[in-house]
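Asks: Below is one structure. I have some questions about it.
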Amino acid sequence: MSVKTLQRWDREGVLQAKRTPTNRRYYTEEQYRAFQGIHTEKDERAVVIYARVSSRNRRRELMAQTAFLKTFCNARGMIVEKCIEEYGSGLDYKREAWNGLLEMVMAGQVKTIVITGRDRFVRFGYEWFEQFCHRYQMEILVVNNEWLSPAEELAQDVQTVLAAFGERLCSLRKYGQQIQQDREIAGEILDQDIPREASGD
Numbered sequence: 001m002s003v004k005t006l007q008r009w010d011r012e013g014v015l016q017a018k019r020t021p022t023n024r025r026y027y028t029e030e031q032y033r034a035f036q037g038i039h040t041e042k043d044e045r046a047v048v049i050y051a052r053v054s055s056r057n058r059r060r061e062l063m064a065q066t067a068f069l070k071t072f073c074n075a076r077g078m079i080v081e082k083c084i085e086e087y088g089s090g091l092d093y094k095r096e097a098w099n100g101l102l103e104m105v106m107a108g109q110v111k112t113i114v115i116t117g118r119d120r121f122v123r124f125g126y127e128w129f130e131q132f133c134h135r136y137q138m139e140i141l142v143v144n145n146e147w148l149s150p151a152e153e154l155a156q157d158v159q160t161v162l163a164a165f166g167e168r169l170c171s172l173r174k175y176g177q178q179i180q181q182d183r184e185i186a187g188e189i190l191d192q193d194i195p196r197e198a199s200g201d
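Quick note: the sequence shown, position 42, residue 42 per UniProt numbering, numbers continuous.
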């Protein structure tokens with residue numbers, strides 16, 4: 001259709017256009033299908049934005065992530081049902097909001113998760129979680145807005161890994177020392193329990 005025809009249809013309400021933040025017209029797939037008389041079952045599952053930063057002193061970056069994702073979804077004609085913001089390391093698999101989102105996925109409540117980068121969702125093992133979500137017929141849409149993934153946060157995550165390994169090594173050393181002490185005690189007990197051979201006198 002010509003631009004003039006689309007403008008006239010918009011004015012007359014035949015096919016009303018949606019508007020981007022820059023006031024450009026766009027149409028959704030749902031509008032197209034309705035206009036063409038193609039009837040499909042409506043997907044009631046939600047589009048969810050997930051934004052994460054490592055700590056609360058990165059609040060501005062978290063707000064920038066959320067604003068960017070909302071603008072992106074609006075420009076695509078995607079209606080966002082839920083916006084999840086979270087503080088925490090990408091290495092932490094016990095994040096409350098993140099786990100709540102996965103529970104929504106398993107309950108069949110989510111159609112799309114929109115994130116600015118893979119590391120916003122999880123630092124390592126992203127492919128596994130992506131396959132997990134695909135099993136529930138949903139997708140993770142990665143916008144790849146790289147400037148929202150600062151190198152400093154990666155350094156913090158590396159420090160977290162090193163600290164975890166350090167604690168583990170310390171625990172192993174203590175465990176080894178405890179075993180050595182137990183062996184020494186066991187040796188003393190055995191020495192006491194072994195009867196000495198009677199002398200010939």
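From the three backbone atoms N, C-alpha and C, an ideal C-beta is built for every residue, glycine too.
Taking 9 Å as the threshold (C-beta atoms), are ILE49 and THR66 in contact?
Replies: yes
Asks: Would you decide whether PHE121 is buried or exposed? Buried here means 16 or more other CB atoms lie within 10 Å of its CB.
Replies: buried
Asks: Are there three or more Cβ pairs, one per stretch, closer than 8 Å when the stretch 88 to 97 is compared with the stretch 56 to 75?
Replies: no
Asks: If you follow the beta strand (DSSP E) that LYS82 is in, where does it begin and where does it stop?
Replies: Unbroken beta strand (DSSP E) run through LYS82: 80 to 87.
Asks: Taking only runs that begin and end inside the stretch 109 to 141, name each unbroken beta strand (DSSP E) of 3 or more residues, in chain order.
Replies: 110 to 115
Asks: Indicate the three-state DSSP secondary structure (helix, strand or coil) for VAL14 in the structure shown.
Replies: coil
Asks: Touching or not, the stretch 26 to 39 and the stretch 51 to 62, by the rule of three or more beta carbon pairs under 8 Å?
Replies: Taking a cut-off of 8 Å for Cβ pairs, the stretch 26 to 39 and the stretch 51 to 62 do not touch, as fewer than three such pairs fall below it.
Asks: So, at 6 Å on beta carbons, what are the nonlocal neighbours of GLN7 in its own chain, with the 5 sequence-adjacent residues on each side left out?
Replies: Answer for GLN7: no residue qualifies.
Asks: In the DSSP assignment, find the alpha helix (DSSP H) that holds ARG52 and state where it starts and stops.
Replies: Element bounds for ARG52: not the alpha helix (DSSP H) but the beta strand (DSSP E), 46 to 53.
Asks: Please report the straight-line C-alpha distance between ASP201 and ILE179, rounded to a whole angstrom.
Replies: Unreliable placement is indicated for ASP201, whose pLDDT of 49 sits below 50; no coordinate value is reported for it.
Asks: Write down the C-beta distance between LYS18 and TYR32 rounded to the nearest angstrom, noting that I regard them as a contact closer than 8 Å.
Replies: At roughly 12 Å, the Cβ-Cβ gap does not stay under 8 Å, so LYS18 and TYR32 are not in contact.
Asks: Tell me, to the nearest whole angstrom, how far the beta carbon of VAL143 is from that of VAL105; I am working on the premise that it is less than 8 Å.
Replies: Taking 8 Å as the upper bound for CB-CB distance, VAL143 and VAL105 are not in contact here, some 19 Å apart.
Asks: Note down the Cα distance separating VAL3 from PRO21, rounded to an integer number of angstroms.
Replies: 20 Å
Asks: Given that a residue counts as buried once 16 or more other Cβ atoms are within 10 Å of its Cβ, and exposed if not, what is SER55?
Replies: exposed
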